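Residue numbers (the working numbering): 825 to 909.
Beta carbons are placed, not taken as given, at the ideal position from N, Cα and C, and that holds for glycine.
In this text the structure is predicted, and so the values were computed from the model without any measurement.
Reading through the structure tokens given below for one structure.
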Amino acid sequence: MGKLTEVTIKLFAFLQDRLGPTVQIEVPTPVKVAVLFDKVSQLDPQLSATLANSRLAVNQEFVDSDEVSLTASDEIAIIPPVSGG
825 MGKLTEVTIK
835 LFAFLQDRLG
845 PTVQIEVPTP
855 VKVAVLFDKV
865 SQLDPQLSAT
875 LANSRLAVNQ
885 EFVDSDEVSL
895 TASDEIAIIP
905 PVSGG
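Here it is, written out as structure tokens:
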């Protein structure tokens, strides 16, 4: 396992309503995307289904791999599924 890094994650839509605009968590780096989502869901277990269908973006680029290396200065965002009318 890599060293632990504290990261700030921007949240949007329903996630932001539940947890606020950002959360800070400590993760190993590199980290599996599923592990990062699991750490966020520990803050509110009712969000696990939403997180399972969300996308991770780092520095305004969607992450398409299962694992990502993060630094404290990265812009990290979780984008939940959205619907509209």
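Between which two residues does the beta strand (DSSP E) harbouring residue i extend?
| i | result |
| --- | --- |
| residue 857 | Looking at the DSSP string, residue 857 is not in any beta strand (DSSP E); the run it does join, the alpha helix (DSSP H), is 857-865. |
| residue 848 | 846-852 |
Please list, in chain order, all residues of the same chain as residue i whose beta carbon is under 6 Å from its beta carbon, the five residues on each side excluded.
| i | result |
| --- | --- |
| residue 834 | 846, 901 |
In its own chain, which residues sit with a C-beta less than 7 Å from the C-beta of residue i, not counting the 5 before and 5 after it?
| i | result |
| --- | --- |
| residue 893 | 853, 854 |
| residue 863 | 849, 851 |
| residue 903 | 836, 878, 879, 881 |
| residue 895 | 829 |
Taking the continuous alpha helix (DSSP H) assigned at residue i, which residues delimit it?
| i | result |
| --- | --- |
| residue 837 | 837-843 |
What residues in its chain sit with their C-beta under 8 Å from that of residue i, if we drop five residues either side in the sequence?
| i | result |
| --- | --- |
| residue 907 | none |
| residue 843 | 835, 864, 867, 868, 871 |
Rounded to whole angstroms, how far is the Cβ of residue i from the Cβ of residue j, which I believe are closer than 8 Å?
| i | j | result |
| --- | --- | --- |
| residue 861 | residue 839 | Between residue 839 and residue 861 the Cβ distance is about 11 Å, and since that is not below 8 Å, they are no contact. |
| residue 857 | residue 831 | That belief does not hold up - the Cβ atoms of residue 857 and residue 831 are roughly 13 Å apart, past 8 Å. |
Next on the checklist: Runs of 3 residues minimum, wholly inside the segment 870-902: which ones carry the beta strand (DSSP E) assignment?
Outcome noted: 879-882, all fully within the segment 870-902.
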